[in-house]
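Undergrad: Starting off with a structure, shown below.
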Ligand code: HEM
């Protein structure tokens with residue numbers, strides 16, 4: 045994945061747990077990179093390794109870290125670095141989710157080697173939508189739940205995000221019901 049993902053993990057851990065903890069995480073993951081370059085590609089295994097090491101160093105579960113990282117990605121990393129891209133994607137949560145299936149096509153203009161996830165919407169109602177998430181990467185559904193929660197917070201919209209289908213339990217893909225207050 046692009047370096048900005050690892051850099052965001054670094055920002056999350058240093059700001060919320062301290063720089064010393066980040067050094068421990070890197071050491072445990074065997075990562076010797078001094079500073080990640082945002083638009084350079086790194087092996088996915090490095091990102092998974094950092095998350096795994098963080099669970100041990102911080103004493104949190106993988107789900108806790110992935111959910112927190114999802115919210116952090118939207119509310120800090122994306123908002124600070126790509127605020128216009130985010131805000132042009134919708135005037136409210138519903139519009140943003142309608143646009144999400146096309147979103148990474150625009151991200152790929154900035155990061156041409158992006159291997160993005162893909163999203164589809166179905167059963168759209170004024171206050172809800174079912175989001176379908178497809179990826180060749182395993183184990184990231186809780187990250188998606190955190191991302192969706194971050195997007196709802198970005199719009200100051202109370203929302204409930206429930207995973208309704210699980211790829212790791214044999215479903216074709218992961219599915220989430222997102223319901224929000226009108
Ligand atoms: C400005 C905002 C965003 C930027 C710049 C961005 C960029 C990226 C980048 C660089 C990756 C790593 C993939 C790679 O390097 O090949 C990624 C992965 C991912 N993005 Fe985004 N993204 C943004 C917003 C979002 C939002 C709002 C969602 C969903 C609500 C999302 C869902 C994901 C997921 C689930 C992955 C993990 C990869 C996978 O599942 O295969 N992203 N994104």
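In my numbering, the protein residues as written are 45 to 226.
Think of the CB as a built atom: it goes at the ideal place given N, C-alpha and C, for glycine as much as any other residue.
Being a predicted model, the structure only gives us computed values, none of them experimental.
In the DSSP assignment, what are the bridge partners of residue 223?
TA: 172, 204
Undergrad: Near residue 181, which residues of its chain fall below 7 Å by C-beta distance, leaving aside the five closest residues on each side in sequence?
TA: 88
Undergrad: Just to confirm my understanding: we take residue 148, look at its own chain, exclude 5 residues before and 5 after, and list those with CB closer than 8 Å. What are they?
TA: 158, 160, 161, 162
Undergrad: Considering residue 90, what are the terminal residues of the alpha helix (DSSP H) in which it resides?
TA: 88-102
Undergrad: Just to confirm my understanding: we take residue 51, look at its own chain, exclude 5 residues before and 5 after, and list those with CB closer than 7 Å. What are they?
TA: 80, 82
Undergrad: First and last residue of the alpha helix (DSSP H) that includes residue 216?
TA: Note, residue 216: premise wrong, no alpha helix (DSSP H); not H, not E.
Undergrad: Using DSSP's beta-bridge definition, name the partner residues of residue 163.
TA: Looking at the DSSP output, residue 163 shares a beta bridge with 177.
Undergrad: What residue range does the alpha helix (DSSP H) around residue 148 cover?
TA: 137-154
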